[in-house]
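Taking it in order: structure first as structure tokens, then the write-up.
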Amino acid sequence: MSNHPMRRHKRQIHDRQHLAAILNACEYGHLALCDGNEPYVVALNYTWVEENGRDVFFFHSAPAGRKIDCLRANPRGCFMVETGVKLIVPTPPDNCLWTTHFQSVVASGTISIISDQAEQKAALNVFMRRFAPDITDFAYPPHLIGKMVMLKMIVDDLKGKQLPTPPSAC
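Under my numbering, the first residue of the sequence shown is numbered 18, with each subsequent residue one higher.
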């Protein structure tokens, strides 16, 4: 779990169904990794499930590249999604009162590269069911499976945040 409680705790989303609604509404998010001493962020499609009482995110990737190099050196990552983003300009415009409304979820955890082919296909099935729910039988040609990998993030901290805060939080 994170050692950093949310400073603006009234904006924190605690309701599990609300967090799930945000995660289901978004099609992609941003994965932050460490590349040595440099930050690295990449936009990715994702899916998430509960597995043995833990939140798990799945991503797909090419088997080589900067993201994979980062994960081999340090498997820790942070993933963020946001929805409902809207710039709020006060009337009359006052430079100090502009804000942005949003809902977001941030997850941090350990990411592994799935190497077992059966586990990789199972993860890909979960991924595909999210984006193609009407298809029930997914076929994965071996030559294409070899050109990609599935990544699995086991989450140890999941937080939601929103602005405006709900009336009950005021």
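For glycine and all other residues, C-beta sits at the position ideal for the given N, C-alpha and C.
Query	Result
Entirely enclosed alpha helix (DSSP H) segments - the region 135–177, minimum 4 residues	159–162
Per-residue DSSP class, three states only, for N41	helix
Residue of C43, I162, I105, R24 minimising C-alpha distance to A60	C43
Exposure of P184, with buried meaning 16 or more beta-carbon neighbours within 10 Å	Because the pLDDT of P184 is 48, which lies under 50, any placement of that residue in the model is unreliable, and the number read from its coordinates should be weighed accordingly. Under this definition P184 is an exposed residue.
Residues of its chain near A186, where Cβ-Cβ distance is below 8 Å and the 5 sequence neighbours each way are ignored	Caution applies to A186, whose pLDDT of 39 falls short of 50 and renders its modelled position unreliable; the value that the coordinates give is listed next. Once the five neighbours on either side are set aside, the close Cβ partners of A186 are K27, R28.
Residue span of the alpha helix (DSSP H) that contains C87, given as start and end	83–90
Three-state secondary structure assigned by DSSP to H31	coil
Exposure of L104, with buried meaning 16 or more beta-carbon neighbours within 10 Å	exposed
Buried versus exposed call for M18 [16 or more other C-beta atoms within 10 Å across all chains shown]	Any answer about M18 is weak, because its pLDDT of 49 lies below 50 and its placement is not dependable; what the coordinates show is given next. Exposed, by the Cβ-count rule.
C-beta atoms of V172 and D86 nearer than 8 Å	no
Straight-line gap, M97 to L168 (C-alpha atoms, nearest Å)	16 Å
DSSP-derived helix/strand/coil call for L61	strand
Backbone CA spacing between F75 and M170 [nearest angstrom]	6 Å
Reduced DSSP category for L36 - H, G, I as helix; E, B as strand; rest coil	helix
L161 and L36 closer than 8 Å at C-beta	no
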